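The next block holds one structure in the form of structure tokens; read it before the comments.
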Amino acid sequence: MPALLEILSDYVLEGTRRAQQSGALPAFDLPEQAPINRPKRPEWGDFSSALALQLAASAHKKPLEIAQTIQQHLPPVALVDSSSVSPPGFLNLVLSKPWLKSQVEVILQAGAQYADIERGGGQKAQVEFVSANPTGPLSVGRGRGAVIGDTMANLLEAADYRVTREYYFNNAGKQMHDLGESLRLRYLQALGQEVEIPEGLYQGEYLLDLANQLVSEHGRALAEEGWEYFKEVAEAAMFESIQATLERLNIEMDVFFNENSLYEDGSVWEVLDLLRQKDYIYEQDGATWFQATRLGGTEDRVVVRSNGEPTYRLPDIAYHRNKLERGFSLVLDVLGADHKDAFPDVVRGVKVLGYDASKIDVLFNQFVTVRGERMSTRAGHFTLLDELIDEVGPDVVRFFMLMRSADSHLEFDLDLALEQSEKNPVYYVQYAHTRICSILNKAEQRGFSSASGDVTLLEHPSEKALILELLNLSDVIAQSIDEKAPHLLSTYARDLASVFHAFYRDCLVLDESQPELSRARLKLVRAARIGLARSLDLLGVAAPESM
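Numbered by my numbering, the letters in the sequence shown go through residues -14 to 532 in order.
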């Protein structure tokens, strides 16, 4: 189903083009979309466009005059019943009641995909998210990126993209040496030896637990092993831990891409050679530098340190080159805010190599605090994502992670998350779904069937509001993708639940004295269930039938 706002935008633009063709408006370029919004006052209609205000300079006319001209040239359509103009230049539209009511049947026939949009055309898209170093269990901070990335993948699938969910497994570089050495020292401690963990290594208790397990299984047999052996053990354990945690959040990765493979197949050094051939590499102070300033960067960047070890930028360029060579039309990286400095250089490097860097996009997410505690993997005093899931459940974790824009710091309100009342937005939305299930169960018990319901009987303002809100899901999907703002989906779910609760308050569904109206309202209730369940599904949150 095309998004309603897109349909109305095309409608207003068509009226504008017709006005230009008739000579009522001069020739000038039109925007790709006309702004369409819900007006603040109901007497102004169902939707309003400020296009005339935008065109005033190009048309050399007053906005009110432009709006009136566009109105006069709007073609007759089944969707729109009437239009009007209001100062200083708004074009207001009232939807046709028969068309609006008919959308209940459309939703019921289309089912869960009723709001899906045609955007990707079946093209391949990749969403890379989480991508935490395998140096410890997932923290709450990493959990936010996990939920954001998976929800963006859900949205892209709803827009007709074939999506690959990918985790970039950073199993190369100094952090892996540090991980192996940290576990080796913890193992020696578990054997009773007095050794200290130097500053800069990993201090977390999870390594002590793993060390005790090794002692239990192998005794002292590993005492002479080097860091390499312990690195393999720790990496495997962390990989298993990370996968298990993601599964608890209903996240299943399609690909775990090993960073180490970029070294094994020579990609990292091949990329360096290619950048050098294109004269974007130079040596200074014993290090190898990438000339990012030639491409708009604020400073050149080291890509290979003086000790011969690459910085993150070089393998990341190789990795994104690999992504594009796999044929993805869209590559979306969901990264922590600490990657903001490095990411532009990666895109610049890909562009230098001759690839279409415009296919690469990024969504940064800010830090998370729970009761004011900051996450820190290396120091070991962080809140584990598993602990938070244990405390409030996966549905609450996912929903709360999406309650604010990704570029805003998120404070996870644990007290609110534990509320079993309407104050808790997850409870509020899920309760709306269970209320619907209860209504439908009661209807079946009392012999009401919606099969023959006549939707033309739906006249109450609360019924109209509910239909409009159900149709809004398509636009929310489109806007969430365009703005890389999956938090809009959680806002929509709450709004839809609120509109349904208002409908339930205002309209008696099972009314023995009005059986025909009851059957019509049951159809609307079934449509509302589809909309609520779909919005929760896109969020990765369960739609329970009882609570």
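Ideal placement from N, C-alpha and C gives every residue a C-beta, glycine not left out.
Since this is a predicted model, take the numbers as computed values, not measurements.
- In the DSSP annotation of this structure, V256 is not part of any beta strand (DSSP E); the continuous alpha helix (DSSP H) holding it starts and ends at 252 to 262.
- In the three-state reduction of the DSSP assignment, K46 falls in the coil class.
- Only exposed fits V62, as fewer than 16 other CB atoms lie within 10 angstroms of its CB.
- Taken atom to atom, the span from the alpha-carbon of I227 to that of A513 is near 36 angstroms.
- Distance from L85 to K449 at the Cβ level is roughly 6 angstroms; contact confirmed, criterion being Cβ atoms closer than 8 angstroms.
- Rounded to whole angstroms, the Cβ separation of I462 and Q88 is 16 angstroms, and the two are not in contact under 8 angstroms.
- With a threshold of 16 other beta carbon atoms within 10 Å, H472 meets it and is buried.
- Only residues of its own chain outside the window of five on either side were considered, and among them D380 have a CB closer than 6 angstroms to the CB of A527, listed in chain order.
- Between V79 and G130, the C-beta gap is not smaller than 9 angstroms, which leaves the two residues out of contact.
- Taking each of Y187, T136, P11 in turn and checking the Cα distance to M386, the smallest one comes out for T136.
- Per the Cβ contact rule, the segment 173 to 180 is not in contact with the segment 318 to 334 (fewer than 3 Cβ pairs under 8 angstroms).
- Of the residues V112, G282, R519, the one whose Cα lies closest to the Cα of A138 is V112.
- The distance from the Cβ of I(-8) to that of L64 is about 7 angstroms, consistent with a contact at the 8 angstroms cut-off.
- As for any beta strand (DSSP E) of minimum length 3 sitting wholly inside the segment 265 to 307, the runs are 266 to 269, 272 to 275, 286 to 289, ordered along the chain.
- For E184, no beta strand (DSSP E) encloses it, and the DSSP letter there is neither H nor E.
- In this structure, the straight-line span from the alpha carbon of A327 to that of V335 is close to 13 angstroms.
- Look at Q351 here: in three-state DSSP terms it is coil, with no helix or strand label.
- DSSP, read as helix, strand or coil, puts Y153 in strand.
- Judged by DSSP secondary structure, N243 falls outside any alpha helix (DSSP H) and instead within the beta strand (DSSP E) spanning 240 to 243.
- Contact check between the segment 208 to 221 and the segment 157 to 176: three or more CB pairs, one atom from each, fall below 8 angstroms, which counts as touching.
- Checking the DSSP bridge columns, you'll see E396 partnered with T354.
- Excluding the 5 residues flanking it on each side, Y416 has same chain C-beta neighbours closer than 8 angstroms at E407, A482, M532, in chain order.
- As summarised for the segment 455 to 531, there are no continuous beta strand (DSSP E) elements at least 3 residues long confined to that stretch.
- Measuring C-alpha to C-alpha distances from Y146 to each of E237, S314, K263, E376 identifies S314 as the nearest.
- By the CB criterion at 9 angstroms, H58 and A4 fall inside the cutoff.
- Ranked by Cα distance from G128, the options T120, V115, P119, L140 are led by V115.
- Distances from the CA of E310 to each of A342, R298, H324 were compared; the closest alpha carbon is that of A342.
- Fully contained in the segment 59 to 134 are the following alpha helix (DSSP H) runs of length 4 or more, in chain order: 82 to 95.
- The Cβ atoms of A9 and T54 lie closer than 9 angstroms to each other.
- If only complete runs of 4 or more residues are kept, the segment 383 to 449 shows the alpha helix (DSSP H) at 399 to 402, 410 to 430, in order along the chain.
- Rounded to the nearest angstrom, the gap between the Cα atoms of E202 and L474 is 48 angstroms.
- When the beta-carbon positions are compared, A95 and L523 stay at least 9 angstroms from each other.
- Non-local C-beta neighbours of S81 in its own chain, meaning closer than 7 angstroms and more than five positions away in sequence, comprise A63, L64, V65, D66, ordered along the chain.
- Counted as a single uninterrupted DSSP element, the alpha helix (DSSP H) harbouring L(-7) occupies residues -11 to 7.
- In this structure the segment 216 to 227 does not lie against the segment 251 to 265, because fewer than three pairs of beta carbons, one per stretch, are closer than 8 angstroms.
- The Cβ atoms of I345 and R104 do not sit closer than 9 angstroms to each other.
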